[in-house]
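Engineer: This is the structure I want to talk about, given as structure tokens.
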Amino acid sequence: MFSRRYFFKQAGSISLGFAGLHRLFHVDSRLSERRYAPHLASDPQQILDLPEGFSYRVISRAGDPMADGFVVPARPDGMAAFPGPDGLTILVRNHEVDVTPGMGAYGENNALFSRIDRSFVYDPGTDGTPSLGGTTTLVYDTRSQSVVREFLSLAGTQRNCAGGPTPWNSWITCEETVERAGEVNAKDHGFNFEVPATVRPALFQPVPLKAMGRFNHEAIAVDPASGIVYQTEDRHDGLIYRYIPVAPGDLARGGKLQALAIVDRPSLDTRNWPEADPNAVPLRSIQTVQWVDLDDVEAPNDDLRFRGFEAGAARFARGEGMWYGGGAIYFACTNGGREKKGQIWRYTPSPSEGKAQESRNPATLELFVEPNDGSIVENADNLTVSPWGDLVVCEDGPGSQHLLRITPDGEVIRFAANTLSDSEFAGSTFSPDGSTLFVNIQVDGLTLAITGPWERYS
């Protein structure tokens, strides 16, 4: 089980690496001079080029049959790996699809939809066209590098983009859409849903976590010390949110939604765009944070970000990947910065996070990376942290796509190249035993398992 003890152990194991990462971005802002592009061995299958000594397996393809009689949906996106029984790894995976027939788990023309129990489908549609997003769960044995089984675990949602793991053995999947009920949809969309990590094939009741807000969700991260959930919004003018549950670990019971603001800088535009203020937030500057309460959080008019900004919340440029590590929350803003090449931020919670006394020792926000140079990082999207402290970043920019490593000693390293297509990488996450890096090539519908001499980086 993915226990709180396990979560703290993992967090502690990477804290030293993140201390090094912190030093990296304080030592040298001239990241373009520190870019390191080692030779990547050419893949004869023309899917993934990797450094010498590393290899990959395609462990899942869209359209593959699954153990429950359905097929693997298209467009795999965010995911996380959890420890299972007997040393197995449980991989919970999003699928960023909407209502397009043939893209979901029911095959061509949704022929398999008749087999599903409709009580486990969030939105079966109004005219027989169901929402086809959701999650699948893949059980993997890293010792034999083989798939044990795959199955559908959440059904009837739309555009499940990213999300994040919780300390209580579940995955929060996020809908990156605000589609309303109407001619096609039977229900409103734009919510988060919780999916337990399990090895047993099972569909879970799709309960929308409405108190977490209705907006264009992307990713979440949980601070295990407080149980507070942080959220990104994939909009050019989005906010960063936090959800304070009334009962940590039981998100469906409700809670308070807030938006991040900067002390003495109300409605700050952090994007550093030239048409706004390219120097609004200098690299490595420390901003003191406060939080703005939000109301009407189900936002039928998709105006939560506008109301939050007017109330003093800071504005961000396409908040996407988010991950907890070493006592901090790291998140990417995909087209932030003067050249709109992306930013990576570091949020350090208050020791009294979410409590009345947090203003005495407030949280801080730091702009870690703003390369303004696509040869360094081209539009960072999903990100994760390795067991030894490297930040692993998925690119989602124009042209060729790469996986990047940012190391504690200051190197930005091109670790992998997609030689199959121009599709983005998505969902990078390490197995609990540290042996395997899982990642998706989204548009091509592939999930890969990468292994090799990771010890050379630790």
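The numbers in this note's numbering rise by one with no breaks, and the one at position 360 of the sequence shown is 360.
Virtual Cβ for every residue (Gly too), placed ideally from N, Cα, C.
Which runs of the beta strand (DSSP E) at least 3 residues long sit entirely within the segment 39–78? Give them in chain order.
Structural biologist: With a minimum length of 3 residues, the continuous beta strand (DSSP E) runs that stay inside the segment 39–78 are 48–51 and 55–61.
Engineer: Identify, in the order they occur along the chain, each residue of the same chain with its Cβ nearer than 8 angstroms to the Cβ of Pro274, setting aside the five sequence neighbours on each side.
Structural biologist: Taken in chain order, the residues that qualify are Arg338.
Engineer: Along the chain, where does the alpha helix (DSSP H) containing Arg200 start, and where does it finish?
Structural biologist: Neither: Arg200 is in no alpha helix (DSSP H) and is coded neither H nor E.
Engineer: Which word fits Arg253, buried or exposed, when buried means at least 16 other C-beta atoms lie within 10 angstroms of its C-beta?
Structural biologist: Label assigned to Arg253: exposed.
Engineer: Taking 8 angstroms as the threshold (C-beta atoms), are Ala80 and Pro196 in contact?
Structural biologist: In this structure, Ala80 does not lie closer than 8 angstroms to Pro196 by Cβ.
Engineer: Could you spell out the range, first to last residue, of the alpha helix (DSSP H) harbouring Glu310?
Structural biologist: Element bounds for Glu310: Leu304 to Glu310.
Engineer: Taking the Cβ atom as the reference point for each residue, do Trp388 and Tyr457 lie within a distance shorter than 8 angstroms?
Structural biologist: Their beta carbons are under 8 angstroms apart, which means Trp388 touches Tyr457 by this criterion.
Engineer: Can you give me the start and stop residues for the beta strand (DSSP E) that His402 sits inside?
Structural biologist: From DSSP, the beta strand (DSSP E) with His402 extends over His402 to Ile406.
Engineer: In the DSSP assignment, find the beta strand (DSSP E) that holds Met322 and state where it starts and stops.
Structural biologist: Start and end: Gly319 to Gly325.
Engineer: Check the C-beta distance from Pro382 over to Ala162 and give it rounded, since I have them as a contact under 8 angstroms.
Structural biologist: Residue identity check: residue 382 is Asn in the sequence provided, not Pro. That pair is a contact at about 6 angstroms.
Engineer: On the CB-based measure, 16 or more other CB atoms within 10 Å of its CB, does Arg235 come out buried or exposed?
Structural biologist: So Arg235 counts as buried.
Engineer: Could you spell out where the beta strand (DSSP E) holding Val92 opens and where it closes?
Structural biologist: Segment Thr89 to His95, the beta strand (DSSP E) holding Val92.
Engineer: According to the neighbour-count rule (16 or more other Cβ atoms, all chains shown, within 10 Å of its Cβ), is His402 buried or exposed?
Structural biologist: Buried.
Engineer: Whole beta strand (DSSP E) runs in the segment 275–306 with 3 or more residues, listed along the chain?
Structural biologist: Whole beta strand (DSSP E) segments, 3+ residues: 286–293.
Engineer: Per the contact definition of three or more C-beta pairs closer than 8 angstroms, is the segment 128–138 in contact with the segment 151–162?
Structural biologist: Yes: at least three Cβ pairs fall under 8 angstroms.
Engineer: Using alpha carbons as the reference points, say which of Gln145, Ser114 and His95 lies closest to Thr89.
Structural biologist: Per the Cα distances, Gln145.
Engineer: Going by DSSP in three states, Trp168 sits in which element: helix, strand or coil?
Structural biologist: In this structure, Trp168 counts as coil in the three-state DSSP scheme.
Engineer: When the Cα atoms are used, what is the spatial distance from Gly53 to Gly374?
Structural biologist: Looking at the two C-alpha atoms, the distance is approximately 27 angstroms.
Engineer: Applying the 10 Å Cβ sphere with the 16-neighbour rule, what's the burial state of His26?
Structural biologist: Residue placement at His26 cannot be trusted, given a pLDDT of 37 that sits under 50; what the coordinates show is reported in the next sentence. Exposed: under 16 other Cβ atoms inside 10 Å.
Engineer: May I ask you to report which of helix, strand or coil DSSP gives Glu455?
Structural biologist: Three-state result, Glu455: helix.
Engineer: If I'm right that Thr270 touches Arg315 with Cβ under 8 angstroms, what's the distance once you round it to whole angstroms?
Structural biologist: Right, the Cβ-Cβ distance comes to about 6 angstroms (below 8 angstroms), so this counts as a contact.
Engineer: According to the Cβ coordinates, are Val385 and Gly325 closer than 8 angstroms?
Structural biologist: Yes, the pair counts as a contact, with Cβ atoms nearer than the cut-off.
Engineer: Between which residues of its own chain and Gln205 is the CB-CB distance below 7 angstroms, once the five residues before and five after are set aside?
Structural biologist: Same-chain partners within the cutoff: Phe120.
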